[in-house]
Structure formats: C-alpha cells, structure tokens
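> Take this structure first; my questions come after.
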Amino acid sequence: MTYLDYAATTPLLPVVREKMLEVMNLELGNASSLHTPGHHAGAIIEDARAEVAQLINADPSEIIFTSGGSEANNIVSNIFAGQDVATSAIEHPSVLESLKARAKTCRIIDVNQQGFVDPADIPENVNLVSAMLANNELGSIQPIAEIAKRCKNYNTFLHSDATQALGKIHIDVKELGVDYLTISAHKIGGPIGIGALYVRKSAPYKPLIIGGHQENKRRAGTSNTLLIAGFGAAAKFAREQKTVDQYQKVAKLRDQLAERILKEVPYSSLNSPLENRLPNILNVSFQAAEGESIQLYLDAEDVIVSTGSACAAGDIQPSHVLMATRHDAEVAHSSIRFSLGLDTTQADIDHAMTALPKIVTRLQGISTIKIKESNQ
1 MTYLDYAATT
11 PLLPVVREKM
21 LEVMNLELGN
31 ASSLHTPGHH
41 AGAIIEDARA
51 EVAQLINADP
61 SEIIFTSGGS
71 EANNIVSNIF
81 AGQDVATSAI
91 EHPSVLESLK
101 ARAKTCRIID
111 VNQQGFVDPA
121 DIPENVNLVS
131 AMLANNELGS
141 IQPIAEIAKR
151 CKNYNTFLHS
161 DATQALGKIH
171 IDVKELGVDY
181 LTISAHKIGG
191 PIGIGALYVR
201 KSAPYKPLII
211 GGHQENKRRA
221 GTSNTLLIAG
231 FGAAAKFARE
241 QKTVDQYQKV
251 AKLRDQLAER
261 ILKEVPYSSL
271 NSPLENRLPN
281 ILNVSFQAAE
291 GESIQLYLDA
301 EDVIVSTGSA
311 CAAGDIQPSH
321 VLMATRHDAE
331 VAHSSIRFSL
341 GLDTTQADID
351 HAMTALPKIV
361 TRLQGISTIK
371 IKESNQ
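Given below as structure tokens:
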C-alpha cells in the first residue's frame with residue numbers, strides 16, 4: 001500500500017509503541033492518587049510533559065494535555081466566550097465553528113489565493129486572533145511572528161493551531177510570540193486521542209472541562225497516562241531525530257510528485273503555494289474529474305490520499321479552504337491532497353503515478369463538465 005495521507009494521521013512509531021507497551025506492563029495507579037502507584041503514573045506524565053514542552057521551547061507548566069487538537073482549540077474559544085474575536089477563513093473547523101458558536105462577534109480574515117493571511121489585515125478592537133501556523137489542506141505557512149507583533153500593538157491575544165506543523169518545521173513559541181498553541185500527538189507518530197495546548201504564563205485561562213483538579217486545575221478528568229506517555233515518546237523522537245531536517249528529503253519527493261502530475265496528468269493545476277509551505281503537503285485539482293471519485297479509484301489501486309481535511313470526510317460541501325482561496329466550486333470539488341511522511345519512498349511516488357494518470361483521464365472522458373483549455 002502507498003500511503004499518502006500523513007496529514008490525516010501518521011503511523012504509530014515503533015519507539016512510541018514500545019513506550020506504551022512498557023507503561024501498560026507497569027502496575028500504575030491513578031496519577032491523582034497519593035500512593036506509590038499514583039506517584040509512578042504522575043512521574044510518567046510529567047516526564048512526557050517536559051518532552052512536549054521542550055519540542056516547542058515552552059516551560060512544562062505551560063503545557064495542558066487534552067484529548068486532541070479539537071479540544072485544545074475549543075478551550076481557547078471557551079476562554080474568549082462572549083468576546084470579540086477574529087480568525088482566518090481557512091482555519092480547522094474546530095477553530096472556526098467553536099469561535100462562531102461562543103464569541104460575541106467573530107470576524108473572518110480573508111486569505112490570498114495561496115492561502116496566506118496578510119498581517120496588515122489583522123483587525124484592531126478584538127480580544128483574540130486565531131491563525132493556524134500551517135494549513136492542513138494547502139500546507140501554507142502563515143507569518144505568525146509578524147501577526148504576533150501586530151497583535152501585541154493592539155493588546156490582542158494570539159492563538160495558533162500548529163497541529164500540522166509540529167515535527168515538520170521549527171516551532172519555538174517564544175520566537176512566534178503566541179499566547180496559545182495547539183498541537184496533537186498523532187501527527188508526529190504518536191497515538192490518536194491525545195493533544196496539548198500551550199498557554200503562555202499570565203495569559204488568561206478558563207477551563208472547558210470542570211470538576212477536578214487535574215492538569216493543575218485547568219482540565220478536569222482522570223489523566224490518560226498511557227496516551228500521554230506515547231505523546232512524550234513521539235515528541236522525544238521528533239526532537240532527537242531532528243525530523244524537521246529529515247522532512248527536507250520528503251520535500252524533494254513532494255516536488256517530484258508535483259512535477260510529474262503537471263507533466264503526466266491532463267488539465268491538472270496546483271493549489272498549494274510554491275513557497276512558505278510545509279515540506280510534505282501537495283494539493284492539486286484535476287479539471288473535470290471529481291476528487292471523491294479519484295480518491296476511491298486510487299484506493300482500489302492501494303494508493304491512499306484525501307480530498308481535504310479528514311474531519312470533513314463524508315461532507316459533500318466543497319472544501320472551505322479552497323473556496324476561500326480559489327472561489328471556485330469546480331476546483332474545490334476536483335482537488336486531491338497528497339501528504340507525504342518520513343516513510344514515503346521513491347517507490348511510493350512511482351506507484352501513485354502509475355495509477356493516477358489513467359484514473360483521471362478515464363474520469364475526464366466520462367465527465368459532463370466542459371474542460372476549460374485556458375486553465376491547462
């Protein structure tokens with residue numbers, strides 16, 4: 001199988017599996033308990049917290065473990081409930097929908113065709129701005145440090161969803177200047193179901209889940225020692241193995257895939273930017289061929305891709321990201337996201353390109369959509 005959907009989730013790393021099996025074999029108690037088994041569980045959690053913090057140059061006390069990126073994003077929207085906020089048009093639904101549901105007003109910041117926010121468009125007179133570090137469909141990397149400077153001038157707090165960027169590009173919360181940062185374990189070879197929210201010291205905070213003293217009274221609920229340990233192991237791997245450097249090799253495979261698609265697949269066009277992008281994401285539209293159909297036919301050929309965010313799977317609406325950048329429903333419906341990982345090989349690219357051209361050509365041949373020659 002050629003797996004090219006790493007942006008949706010990554011395979012569990014062997015070192016993470018080993019760490020989790022080690023924890024499973026220990027006689028641990030509830031990390032909140034005062035007895036020895038409880039202390040052992042608590043020590044495992046704090047070791048993991050230190051690893052996650054070190055990966056983004058934060059203090060361990062600034063890390064709150066959550067059930068994933070969506071919960072972390074919802075915590076931020078809960079902190080600013082009833083206030084005026086602003087966010088970009090291409091944010092993950094867990095940012096867009098939660099802010100719209102809780103905020104007094106939610107201003108949407110437009111992006112350009114490549115998916116970038118212009119720092120000059122950051123509004124005044126809002127309490128929070130939320131702008132993702134890197135987009136999960138296009139791979140575009142936002143100028144967060146510049147946005148942070150503008151927010152500071154306006155006395156506005158800044159949140160950034162860094163879920164897709166973690167482990168792929170350098171992340172330093174101090175250099176970025178953010179007040180809140182969302183990350184998730186399963187995007188870096190960790191387990192599904194565990195994430196974290198960085199909260200800068202002195203930044204306002206209000207728990208989303210109440211009724212317990214866990215996470216220093218910031219997130220109630222029995223701590224999931226097993227998943228937290230897995231997150232810590234994944235963070236340690238990313239730091240020690242310098243995965244940010246390793247992804248430069250992945251970028252070369254991504255570029256080769258892009259070049260071959262444009263050359264070998266009729267009426268294809270890139271949606272991802274050519275610069276300031278993640279090294280592993282490539283979004284392409286295939287005129288007069290439906291993205292969902294391409295995905296299913298590729299799946300039958302053991303090539304695994306996505307039509308966009310995994311959270312939107314099954315939604316017949318066009319990608320809100322591509323509608324915000326391209327403003328064309330046909331382009332959005334005909335898009336495929338290829339996302340590569342550290343295990344992607346030359347053979348994977350060759351396999352994908354053996355299947356893709358014939359599938360797209362077949363679909364274009366039976367399509368009722370007129371091909372626009374000028375867009376080739």
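If you're matching positions, the sequence shown starts at 1 in this note's numbering and goes up one per residue.
Virtual Cβ for every residue (Gly too), placed ideally from N, Cα, C.
Only a predicted model underlies this, so the values are computations on that prediction, with no experimental measurement involved.
Could you pull out every residue in the same chain whose Cβ sits closer than 7 angstroms to the Cβ of Gly211, ignoring the five residues on either side in sequence?
As a first step, residue 211 must be located in the sequence shown, where it is residue number 211. Ala220, listed in sequence order.
> What would DSSP say about Asp110, mapped onto helix, strand or coil?
Indexing the sequence shown from 1 puts residue 110 at position 110. Asp110 falls in the coil class under three-state DSSP.
> In three-state DSSP terms, what is Tyr180?
Residue numbering aside, residue 180 sits at position 180 when the sequence shown is read from its first letter. Strand at Tyr180.
> Please list the terminal residues of the continuous alpha helix (DSSP H) segment that includes Phe237.
Position 237 of the sequence shown, counted from the start, is the residue given in the question as residue 237. Its alpha helix (DSSP H) spans residues 225-240.
> Give me, in chain order, the residues of the same chain whose beta-carbon lies closer than 8 angstroms to that of Ile228; leave out the 5 immediate sequence neighbours on both sides.
The residue you call residue 228 lines up with position 228 of the sequence shown. Excluding sequence neighbours, Ile228 sits near Ile44, Ile45, Ala48, Arg49, Phe65, Ile194.
> Please name the residue in Glu91, Ala7, Pro60 whose C-alpha comes closest to that of Met323.
Within the sequence shown, residue 323 is the residue found at index 323, counting from 1. When only C-alpha atoms are compared, the closest one is Glu91.
> So, with DSSP's three-state summary, where would you put Ala310?
Numbered from its first residue, the sequence shown carries residue 310 at position 310. At Ala310 the pLDDT is 49, less than 50, meaning the model places this residue with poor confidence and gives no usable figure here.
> Out of Asn276, Ala165, Cys151, which one is the CA nearest neighbour of Leu133?
In the sequence shown, residue 133 corresponds to position 133, counting from 1. Comparing Cα-Cα distances from Leu133 to each of Asn276, Ala165, Cys151, the minimum goes to Ala165.
> Say whether the stretch 134-152 touches the stretch 173-187, bearing in mind that this needs 3 or more beta-carbon pairs closer than 8 angstroms, one atom from each stretch.
Yes: the two stretches touch, three or more of their Cβ pairs being nearer than 8 angstroms.
> Mind checking Met20: buried by the 16 CB within 10 Å criterion, or exposed?
Here residue 20 refers to the residue found at position 20 of the sequence shown. Counting Cβ neighbours within 10 Å, Met20 comes out buried, since at least 16 surround it.
> According to DSSP, Val129 sits in a beta bridge with which residue or residues?
Taking the first residue of the sequence shown as position 1, residue 129 is located at position 129. Bridge partners of Val129: Ala86, Leu158.
> Measuring alpha carbon to alpha carbon, tell me which residue in Ser335, Gln364, Pro37 is nearest Lys26.
Taking the sequence shown and counting its residues from 1, the one referred to as residue 26 is at position 26. Just to set this straight, residue 26 is Leu in the shown sequence, not Lys. Closest by C-alpha distance to Leu26, out of Ser335, Gln364, Pro37, is Pro37.
> Per DSSP, what are the beta-bridge partners of Ser269 in this structure?
Stepping through the sequence shown from its first residue, residue 269 is reached at position 269. BP columns for Ser269 point to Ser285.
> Name the DSSP beta bridge partners of Gly195, please?
Counted from its first residue, the sequence shown places residue 195 at position 195. According to DSSP, Gly195 bridges with Thr66, Ser184.
> May I ask which residues mark the beginning and end of the beta strand (DSSP E) holding Ser94?
Here the question's residue 94 lines up with position 94 in the sequence shown. Where Ser94 is concerned, there is no enclosing beta strand (DSSP E), although the alpha helix (DSSP H) it sits in stretches over 93-102.
> Hey, Val126 and Asp84 are a contact pair by Cβ (cut 8 angstroms); roughly how many whole angstroms apart?
Taking the first residue of the sequence shown as 1, we reach residue 126 at position 126. Taking the first residue of the sequence shown as 1, we reach residue 84 at position 84. Correct: roughly 5 angstroms between the Cβ atoms.
> Whose C-beta lies closer than 6 angstroms to the C-beta of Ser269 among residues of the same chain, with five residues either side of it excluded?
Mapped onto the sequence shown, residue 269 falls at position 269. The residues are Ser285.
> DSSP three-state call for Ala134: helix, strand or coil?
Taking the first residue of the sequence shown as position 1, residue 134 is located at position 134. Three-state result, Ala134: strand.
> Helix, strand or coil: how does DSSP classify Tyr3 here?
As a position in the sequence shown, residue 3 is number 3, starting the count at 1. DSSP places Tyr3 in strand when its eight states are reduced to three.
> Report yes or no: do the stretch 248-256 and the stretch 70-79 share at least 3 C-beta pairs separated by less than 8 angstroms?
no
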